[in-house]
Structure formats: C-alpha cells, structure tokens
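**Student:**
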Amino acid sequence: MQREKGVAYCGLVCAFCSKNVNCAGCRNDGCETREWCKNLQCCVGKRLEGCWECDEFPCNGGMLDNIRIRAFAKFIREHDQEFLLECLENNEKRGISYHYPGELTGDYDAPDTEDGIIDMILGGNIRMTVK
Numbered sequence: 344m345q346r347e348k349g350v351a352y353c354g355l356v357c358a359f360c361s362k363n364v365n366c367a368g369c370r371n372d373g374c375e376t377r378e379w380c381k382n383l384q385c386c387v388g389k390r391l392e393g394c395w396e397c398d399e400f401p402c403n404g405g406m407l408d409n410i411r412i413r414a415f416a417k418f419i420r421e422h423d424q425e426f427l428l429e430c431l432e433n434n435e436k437r438g439i440s441y442h443y444p445g446e447l448t449g450d451y452d453a454p455d456t457e458d459g460i461i462d463m464i465l466g467g468n469i470r471m472t473v474k
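Under my numbering, read the sequence shown as residues 344 to 474, first letter to last.
(1) Report buried or exposed for proline 454, applying the criterion of at least 16 other Cβ atoms within 10 angstroms of its Cβ.
(2) What does the Cβ neighbour count give for arginine 413, buried or exposed, with the cut at 16 atoms within 10 Å?
(3) Could you check what DSSP says for asparagine 433 in three-state terms: helix, strand or coil?
(4) Give the C-beta separation of arginine 370 and leucine 428 to the nearest angstrom, bearing in mind that I take them to be a contact with Cβ-Cβ under 8 Å.
(5) Sorted by chain position, which residues of the same chain lie with C-beta nearer than 8 Å to glycine 404's C-beta, five sequence neighbours on each side aside?
(6) DSSP three-state call for methionine 471: helix, strand or coil?
(7) As a quick exercise: from Phe359, Gln384 and Gly393, pick the residue whose alpha carbon is nearest that of glutamate 446.
(8) What did DSSP end up calling tyrosine 451 once you bin it into helix, strand or coil?
(9) Alpha carbon to alpha carbon, how far is isoleucine 439 from leucine 391?
(10) For alanine 437, does the count of other Cβ atoms within 10 angstroms reach 16, so buried, or fall short, so exposed?
Dropping the structure here:
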C-alpha cells in the first residue's frame, strides 16, 4: 500500500491501485482522467473532501456507478478514510486482494451488494445475495 496516495474523491482507493505505479493518486494530480472525472470535478467545485460528504450522495453517473467504489464511499461516510485504509491493509495481510495482479478488479468485486462489500471490508468475509 502507498498510503500517501490516499483515497480518491469518489472512494476509489488510490493507495492500493496497481494500474500505474507512477501515478501520484487522484488528489495529487496523478489521475489521467482528471479532466473529465465527474466526481473529482463535483467535489472540487463543492469543496468537499469526497462524495461521501455530499447531501446528494449517492448520485448517478461517474465512478459511483461501480458498486465497489460506491460501497467504499458509503463506508467512509459511516466511518472515515483512515479506518477504510486500516481495514483494507489488514485484509490484504489476510490474503484479500484489492486488485488481482495485472487487473483492476479484486476480491472486493465479488460481493453483489454494498452491504456485502462493507461486511468484507470489516471482516474479510464475502456475503453474496442468493438470486
């Protein structure tokens, strides 16, 4: 984990992202999609730390259309960024992957509900809804 990269405005955890090791993170002008990122532009415009502080959360469009990212933002709203990073770091030590090697998906993409993802963050367990 590269804690200095922190958490993006949407809830994406730049500190664990494996896409580009040279990226400084969303908040450090490292994001290549910064010009068109709806969530970054909205939060900067409203002077919010992240989407989780917005009265309209969760909104549609942008990165929050991804259930994992939306669940991470919801987790931060209920707890805080530092606790999210601590949980993800502890889970990583237990073998729970934020991203699989060479991919932008990981174990947190397995649960099919926000609550399932939050349960996994808190305890490293996967809970999926039976359809």
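For every residue, glycine included, the Cβ atom is placed at its ideal position computed from N, Cα and C.
**Tutor:** The short version:
(1) buried
(2) buried
(3) helix
(4) Not confirmed; about 13 Å, so no contact.
(5) Lys381
(6) Bear in mind that a pLDDT of 46 at methionine 471, under 50, signals an unreliable position, so the model cannot answer this.
(7) Phe359
(8) helix
(9) 30 Å
(10) Sequence check: residue 437 is arginine here, not alanine. It counts as exposed.
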